[in-house]
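Notes follow once the structure below has been shown.
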Amino acid sequence: MRAGSLCQHQIHLIIRNRNATTRAPSSVTEIIVKSVAAGLSYCTCRWSISNSTYDECGDVCNMVSGGVLDEDNCTLTFNSTGKTVGSYYAAALMIEDFYDESTYTPFSSIPLQFLIEVVASPPCPLAPNITGSISEGSCTAIHVGELFTFQIIVEKGCPGTVISDIFTVPPLYMLKSSLIENVTGALWSVTESWIPDATQVGSQVYCAVAVD
Numbered sequence: 001m002r003a004g005s006l007c008q009h010q011i012h013l014i015i016r017n018r019n020a021t022t023r024a025p026s027s028v029t030e031i032i033v034k035s036v037a038a039g040l041s042y043c044t045c046r047w048s049i050s051n052s053t054y055d056e057c058g059d060v061c062n063m064v065s066g067g068v069l070d071e072d073n074c075t076l077t078f079n080s081t082g083k084t085v086g087s088y089y090a091a092a093l094m095i096e097d098f099y100d101e102s103t104y105t106p107f108s109s110i111p112l113q114f115l116i117e118v119v120a121s122p123p124c125p126l127a128p129n130i131t132g133s134i135s136e137g138s139c140t141a142i143h144v145g146e147l148f149t150f151q152i153i154v155e156k157g158c159p160g161t162v163i164s165d166i167f168t169v170p171p172l173y174m175l176k177s178s179l180i181e182n183v184t185g186a187l188w189s190v191t192e193s194w195i196p197d198a199t200q201v202g203s204q205v206y207c208a209v210a211v212d
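According to the UniProt record's numbering, the stretch in the sequence shown is residues 1 to 212, in order.
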C-alpha cells in the first residue's frame, strides 16, 4: 500500500468571521487521507498509539482535540470552534490494509503525521476550483515508456484574487510546467508530463492544491 500523502503536512483551517460573508459561519473542516491498496485489500486509518510494547507517535499520541476520525473512510473532521488563530495541533495516524473487513491483522501499517494550523478568515471565502483533463478520484491506465501528459486548470474563487501556485505531489520523474494565466485572468493552468519506467508499475497517486 502506498499512502497518497507525504509523511508530514501543514493543513490550513479557516475560522470564518460571522460578518465576513453572508453564508453561515464555518469552523469544521474535513481532512481526507488518500491511500491506494494493491489488489482488493481493505484500507482503514486509526489514531497512533504508544504502550509498553511499542511507540508509534512519541509525544503526539491519541486523538486531536476537536478531531473526529472516521476510520473506515480515512476522514478526519476537525472542529476549530473556540480555538485560537495561529495555534497548531499535531495529528498522528496509522494507515493499515487488511485482507477484508472481517480480519484484524494488517498486512502493513504506515505512519502519517501532520500539523493542523488554525488561520484567520481570508478576504475571499471561496477556495479556488480545480478541474482539468483528469477528474478527481479517477484512475487512468498508463503504459510504461510512453509519454503521458495532462493539464490542471484552476479557477479563482473571488474577483481580485490571483493564483500564486499549484502545489503538487506527483509520482517520481513527473515534470510540471510553469504556471500560466489565461487572457481573462480567471483561469490558471499547469501541464504535467511523465514517462513511467518499469519500476513504477502499479498504483501511483497524484495530488494537487491551488494557492491563492
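In this text, a Cβ means the ideal position worked out from N, Cα and C, and glycines have one as well.
The beta carbons of SER65 and TYR42 sit no closer together than 8 Å. Within the stretch 41-126, the runs of beta strand (DSSP E) at least 3 residues long that lie entirely inside it are, in chain order, 42-47, 67-70, 75-79, 88-98 and 108-120.
In the DSSP assignment, GLU155 falls within the beta strand (DSSP E) that extends over 148-155.
The Cβ atoms of ALA210 and ILE166 lie closer than 8 Å to each other.
Looking at the backbone, the Cα of SER50 and that of ASP97 are separated by about 20 Å. Closest in C-alpha terms to PRO170, from the list THR191, PRO125 and MET63, comes THR191. Here the C-alpha atom of THR105 lies approximately 12 Å from the C-alpha atom of THR44.
CA-CA distance, TYR173 to GLY82, rounds to 43 Å. For THR168, the enclosing beta strand (DSSP E) begins and ends at 165-169. When the beta-carbon positions are compared, ASP55 and PRO128 stay at least 8 Å from each other.
Contact annotation: the stretch 151-162 touches the stretch 119-136, with at least three C-beta pairs closer than 8 Å. With distances taken between CA atoms, GLY67 lies nearest to ALA91 out of ALA91, GLY86 and GLY160. Here SER87 has VAL118 as same chain residues with Cβ atoms under 7 Å from its own Cβ, once five neighbours each way along the sequence are excluded. By the neighbour-count criterion, in which 16 or more other beta carbons inside 10 Å mark a residue as buried, CYS74 falls on the buried side.
The shortest C-alpha to C-alpha distance from PHE150 to any of VAL183, GLY185 and ILE195 is the one to ILE195.
Within its own chain, the residues whose Cβ lies closer than 8 Å to the Cβ of SER178, once the five positions on either side in sequence are excluded, are VAL190, listed in chain order. GLN113 sits away from VAL183, with the two beta carbons spaced by 8 Å or more. Here SER48 is buried, its C-beta having at least 16 other C-beta atoms within 10 Å. Where LEU187 is concerned, the enclosing beta strand (DSSP E) starts and stops at 187-194. Restricting attention to SER108, VAL205 and GLY145, the CA atom closest to the CA of ILE134 is found in VAL205. Taking the C-beta atoms as reference points, CYS124 is found nearer than 8 Å to THR161.
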